[in-house]
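Under UniProt numbering, think of the first position of the sequence shown as 1, with each following residue one higher. Yeah, the Cβ is synthetic: ideal placement off N, Cα and C, and Gly gets one too. For reference, the structure discussed in these notes is given below.
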Amino acid sequence: MTTGKVKSVCPYCGVGCGIILEVSGNRVVSITGDKEHPANFGRLCTKGSTAAAALTESGRMEYAYKRQDRGAGPERVKIDEAIRDTAQRLRAILEEHGPDALSVYVSGQMSLEAQYLINKLAKGFIRTPNIESNSRLCMAGAGNGYKLSLGADGPPGSYQDMDKTDLFFVIGANMADCHPILFLRMMDRVKAGAKLIVVDPRRTATADKADLFMQIRPGTDLALLNGLLHLLVKNGHTDPAFIARFTSGFESMEAFLEDYPPDRVSEITGIPEADIRQAAGWIGGAPEWMSCWTMGLNQSIHGTWHTNAICNLHLATGAICRPGSGPFSLTGQPNAMGGREMGYMGPGLPGQRSLVSEADRSFIEKLWEIPKAPFGRMPAAAPFPCSRA
Numbered sequence: 001m002t003t004g005k006v007k008s009v010c011p012y013c014g015v016g017c018g019i020i021l022e023v024s025g026n027r028v029v030s031i032t033g034d035k036e037h038p039a040n041f042g043r044l045c046t047k048g049s050t051a052a053a054a055l056t057e058s059g060r061m062e063y064a065y066k067r068q069d070r071g072a073g074p075e076r077v078k079i080d081e082a083i084r085d086t087a088q089r090l091r092a093i094l095e096e097h098g099p100d101a102l103s104v105y106v107s108g109q110m111s112l113e114a115q116y117l118i119n120k121l122a123k124g125f126i127r128t129p130n131i132e133s134n135s136r137l138c139m140a141g142a143g144n145g146y147k148l149s150l151g152a153d154g155p156p157g158s159y160q161d162m163d164k165t166d167l168f169f170v171i172g173a174n175m176a177d178c179h180p181i182l183f184l185r186m187m188d189r190v191k192a193g194a195k196l197i198v199v200d201p202r203r204t205a206t207a208d209k210a211d212l213f214m215q216i217r218p219g220t221d222l223a224l225l226n227g228l229l230h231l232l233v234k235n236g237h238t239d240p241a242f243i244a245r246f247t248s249g250f251e252s253m254e255a256f257l258e259d260y261p262p263d264r265v266s267e268i269t270g271i272p273e274a275d276i277r278q279a280a281g282w283i284g285g286a287p288e289w290m291s292c293w294t295m296g297l298n299q300s301i302h303g304t305w306h307t308n309a310i311c312n313l314h315l316a317t318g319a320i321c322r323p324g325s326g327p328f329s330l331t332g333q334p335n336a337m338g339g340r341e342m343g344y345m346g347p348g349l350p351g352q353r354s355l356v357s358e359a360d361r362s363f364i365e366k367l368w369e370i371p372k373a374p375f376g377r378m379p380a381a382a383p384f385p386c387s388r389a
C-alpha cells in the first residue's frame with residue numbers, strides 16, 4: 001500500500017504541468033501543483049486541480065475481462081491470463097498472415113517509455129510499419145511543416161522563450177481555455193510589456209486580452225501569413241544576413257508574395273487592412289517574437305502549409321533559435337511531442353528517424369540488435385481525408 005506524496009504529470013492538455021499526488025492506501029486523495037516543475041512552477045488550472053476526482057471515481061475498469069464465446073458476456077480473468085491469451089492470439093495472426101496483418105493504434109497520453117516500447121514492438125519485433133497515433137489528426141500538419149521548413153519535427157524553442165519575448169503572435173489557438181497555465185505565463189510577460197496579437201475567427205477569452213485582435217474569415221489563414229511576409233519584405237523588416245546564411249530559395253519569394261498585397265489580403269480574410277499593416281509593423285519591429293498555434297491551423301487540408309508559412313516569417317526575420325524567438329507549435333496532449341520524438345506516427349523511428357531512410361533503419365537495427373529485414377507495406381501518407389495536411 002502506498003501512502004505519502006508522489007510526483008507525476010497532469011494527464012490533460014499539452015502543457016505538461018507537474019503535480020504532486022497525496023496518496024493514502026493506494027488512493028489519491030488530493031492534488032497540488034509541483035512548485036519545482038519547470039512547466040508550471042506550482043500553478044494548476046481547474047482541470048489539473050480537480051484531477052483527483054477522476055482518478056478516484058468509481059466505474060474505472062480495474063480488472064481484465066474475456067468473452068469466452070462470441071456474443072457472450074465478459075467474464076473476469078486474471079491479468080496474467082489475459083496478457084498471455086492476447087499474445088498467443090496475436091502470434092497466431094502473425095504466423096498465419098505475416099506482419100502486415102497486425103496494426104497498432106496509440107496516443108499522446110502514453111509515457112515516453114511506453115511510446116518507445118510500443119514502437120519497438122511494432123517495428124522491431126513484429127516488423128510492421130502499421131503503427132499510428134491520434135497525433136496524426138492533430139499534429140501531422142505541424143510535424144510535416146517543421147520537417148519541410150526546418151529539416152526535423154522539433155519546435156525550435158521552449159517555454160523559457162515566453163519569459164524573454166517582446167511579442168506573441170497567437171493564431172488558431174485559444175490558450176486561455178486549452179492551455180491555461182501556459183496562457184498565464186504568457187500574460188505575465190504581457191503585463192511586463194510584451195505585445196499580444198491574436199488571430200481567430202471567434203472572439204475567445206484569449207482574444208479578449210490581445211493588444212490586437214484579428215478576427216479572420218475561417219480558412220483564410222494562409223493568405224494572412226503570406227500577406228504579413230509580403231509587408232515584412234516591402235518594409236525592409238527582414239534579416240538579409242540570416243537569410244543568406246541559413247536559408248535557401250528566398251530569391252523566388254518576392255515574386256510569389258506579389259499575389260498577397262495588403263488590400264487583397266484584407267478582402268480575402270475580412271481583416272481591416274490597417275490591422276494587417278499594424279501586425280506586420282509590430283512583428284518587424286520586435287527585437288524578439290514568437291508564434292503559438294495549435295488545432296486551428298493544424299486540422300486543415302492546408303495544415304502543413306500553415307506551418308511552412310509561419311516558419312517563413314521567422315526565417316525571414318531571423319527570429320528563430322535564440323532566446324525569446326521561434327515558431328512554437330502547441331500540442332493537445334501531454335506527451336504528443338514525446339511520441340513524435342519516439343517515431344510513433346507512421347514510418348517514424350526514435351530520434352527523428354524514419355523507415356524510409358536506409359541509414360536510419362540500419363542505425364536502429366544495430367541499436368536494437370535485430371537482423372536486417374524488409375518491412376511490410378508502407379503506411380498511407382494520410383489515413384483520413386481530413387489529415388491531408
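Which word fits C10, buried or exposed, when buried means at least 16 other C-beta atoms lie within 10 angstroms of its C-beta?
Taking the first residue of the sequence shown as 1, we reach residue 10 at position 10. Its Cβ being crowded by 16 or more others within 10 Å, C10 is buried.
Would you mind sorting P347 into buried or exposed? The rule is 16 or more other CB atoms within 10 Å of its CB.
Residue 347 sits at position 347 when you count from the first residue of the sequence shown. Buried, because 16 or more other Cβ atoms sit within 10 Å of the Cβ of P347.
Tell me the residue span of the beta strand (DSSP E) that contains I79.
Position 79 of the sequence shown, counted from the first residue, corresponds to residue 79. Taken as a continuous stretch (DSSP letters only), I79 belongs to no beta strand (DSSP E), being part of the alpha helix (DSSP H) at 79-97.
The beta strand (DSSP E) enclosing F41, as first and last residue numbers
Numbered from its first residue, the sequence shown carries residue 41 at position 41. No beta strand (DSSP E) contains F41, which DSSP labels as neither H nor E.
Check for me: the alpha helix (DSSP H) holding T64 runs from which residue to which?
Within the sequence shown, residue 64 is the residue found at index 64, counting from 1. The question names Thr, but residue 64 in the sequence shown is Ala. No alpha helix (DSSP H) contains A64, which is instead part of the beta strand (DSSP E) from 64-66.
Below 8 Å on the Cβ atoms is my guess for G145 versus T247; work out the distance and round it to an integer in Å.
Taking the sequence shown and counting its residues from 1, one reaches residue 145 at position 145. Taking the sequence shown and counting its residues from 1, one reaches residue 247 at position 247. Contact doesn't hold; Cβ gap of about 15 Å is too wide.
Give the straight-line distance between the Cα atoms of K372 and L349, rounded to the nearest whole angstrom.
Start at 1 with the first residue of the sequence shown, and residue 372 comes out as number 372. Start at 1 with the first residue of the sequence shown, and residue 349 comes out as number 349. Using only the alpha carbons, I get a separation of about 15 Å.
DSSP three-state call for residue 394: helix, strand or coil?
As shown, the chain starts at 1 and ends at 389. That puts residue 394 outside it, with no answer to give.
So what's V9 in DSSP terms, helix, strand or just coil?
Locating residue 9 in the sequence shown gives position 9, where the first residue counts as 1. If DSSP states are grouped into helix, strand and coil, V9 belongs with the strands.
What are the complete alpha helix (DSSP H) segments, minimum 4 residues, inside the region 125-178?
135-150, 175-178
Okay, do the region 220-231 and the region 255-267 touch, 3+ Cβ pairs below 8 Å being the bar?
yes
Go ahead and label Q333 buried or exposed: buried means 16 or more other beta carbons lie within 10 angstroms of its beta carbon, across all protein chains shown.
As a working note, residue 333 is residue 333 in the sequence shown. With 16 or more other Cβ atoms within 10 Å, it is buried.
Cβ neighbours of K147 in the same chain (closer than 6 Å, five flanking residues each side left out)
Position 147 of the sequence shown holds residue 147. Closer than 6 Å at the Cβ level, and outside the excluded window around K147, lie D153.
Close Cβ partners of D163 (< 7 Å) along its chain, the five nearest in sequence each way excluded:
Here residue 163 refers to the residue found at position 163 of the sequence shown. If we look at D163 and ignore the five residues flanking it on each side, its Cβ neighbours are R189.
Tell me whether the beta-carbon of K195 lies closer than 8 Å to the beta-carbon of D208.
If you number the sequence shown from 1, residue 195 lands on position 195. If you number the sequence shown from 1, residue 208 lands on position 208. Against a cut-off of 8 Å, the Cβ pair of D208 and K195 comes out as no contact.
Are three or more beta carbon pairs between the region 45-59 and the region 79-88 nearer than 8 Å?
no
Relative to the C-alpha of A192, which residue among L184, V198, T128 is closest?
Walking along the sequence shown from the start, residue 192 turns up at place 192. Taking only the C-alpha atoms, the option nearest A192 is L184.
Does R185 come out as helix, strand or coil in the three-state DSSP assignment?
For the purposes of this step, residue 185 is taken as residue 185 along the sequence shown, with counting starting at 1. Three-state DSSP puts R185 in a helix.
Taking S357 as part of the alpha helix (DSSP H), name the residues at either end of that continuous run.
Sequence index remark: in the sequence shown, residue 357 carries index 357 (1-based). Here S357 belongs to no alpha helix (DSSP H), and DSSP marks it neither H nor E.
For H302 and A309, I'd like the C-alpha separation in whole angstroms.
Locating residue 302 in the sequence shown gives position 302, counting from the first residue. Locating residue 309 in the sequence shown gives position 309, counting from the first residue. The alpha-carbon atoms of H302 and A309 are separated by roughly 10 Å.
Determine the burial state of P240: buried for a count of at least 16 other Cβ atoms within 10 Å of its Cβ, exposed for fewer.
As a working mapping, residue 240 is identified with position 240 in the sequence shown. P240 is exposed by the Cβ-count criterion.
What first and last residue would you give for the beta strand (DSSP E) that runs through T32?
In the sequence shown, the residue the question calls residue 32 occupies position 32. Start and end: 27-33.
Would you give the residue range spanned by the alpha helix (DSSP H) that C311 belongs to?
Residue mapping note: residue 311 aligns to position 311 of the sequence shown, counting from 1. Unbroken alpha helix (DSSP H) run through C311: 303-317.
How big is the Cα-Cα spacing for I126 and E81?
Numbered from 1 along the sequence shown, position 126 holds the residue referred to as residue 126. Numbered from 1 along the sequence shown, position 81 holds the residue referred to as residue 81. Approximately 21 Å, taken between the alpha carbons.
Nearest to D34 by alpha carbon, out of G25, R27, L21?
Translated into the one-based positions of the sequence shown, residue 34 becomes position 34. Comparing Cα positions, the closest option is L21.
Rounded straight-line distance, which links the Cα of H97 to that of R91
Stepping through the sequence shown from its first residue, residue 91 is reached at position 91. Stepping through the sequence shown from its first residue, residue 97 is reached at position 97. Going from the Cα of R91 to the Cα of H97 covers about 10 Å.
So is G4 buried or exposed if we call it buried at 16+ other beta carbons inside 10 Å?
For the purposes of this step, residue 4 is identified with residue 4 of the sequence shown, where counting begins at 1. By the 10 Å Cβ count, G4 comes out exposed.
Under the rule that 16 or more other beta-carbon atoms within 10 Å means buried, what is K78, buried or exposed?
The count along the sequence shown starts at 1 and reaches residue 78 at position 78. It counts as exposed.
Mind checking which residues open and close the alpha helix (DSSP H) that includes S300?
Residue mapping note: residue 300 aligns to position 300 of the sequence shown, counting from 1. Element bounds for S300: n/a, residue is neither H nor E.
I think G343 touches N119, with their Cβ atoms under 8 Å apart; what is that distance to the nearest whole Å?
Along the sequence shown, one-based indexing puts residue 343 at 343. Along the sequence shown, one-based indexing puts residue 119 at 119. Their Cβ separation, rounded to whole angstroms, is 5 Å, which keeps G343 and N119 in contact under 8 Å.
Please say whether G108 and T331 have beta carbons closer to each other than 8 Å?
Counting from one through the sequence shown, the residue named residue 331 turns up at place 331. Counting from one through the sequence shown, the residue named residue 108 turns up at place 108. Their beta carbons are under 8 Å apart, which means T331 touches G108 by this criterion.
DSSP three-state label for P327, please.
Translated into positions along the sequence shown, residue 327 becomes position 327. Residue state, collapsed to three classes: strand.
Is the distance from the Cβ of H314 to the Cβ of G296 below 8 Å?
In the sequence shown, residue 314 corresponds to position 314, counting from 1. In the sequence shown, residue 296 corresponds to position 296, counting from 1. No.
With which residues is F213 paired in a DSSP beta bridge?
In the sequence shown, the residue the question calls residue 213 occupies position 213. V198.
Assign R203 to buried or exposed, taking buried as 16 or more other Cβ atoms, counted over all protein chains shown, within 10 Å of its Cβ.
As a position in the sequence shown, residue 203 is number 203, starting the count at 1. Flag for R203 reads exposed.
DSSP beta-bridge partners of R353:
Within the sequence shown, the letter at position 353 stands for residue 353. Its beta-bridge partners are L349.
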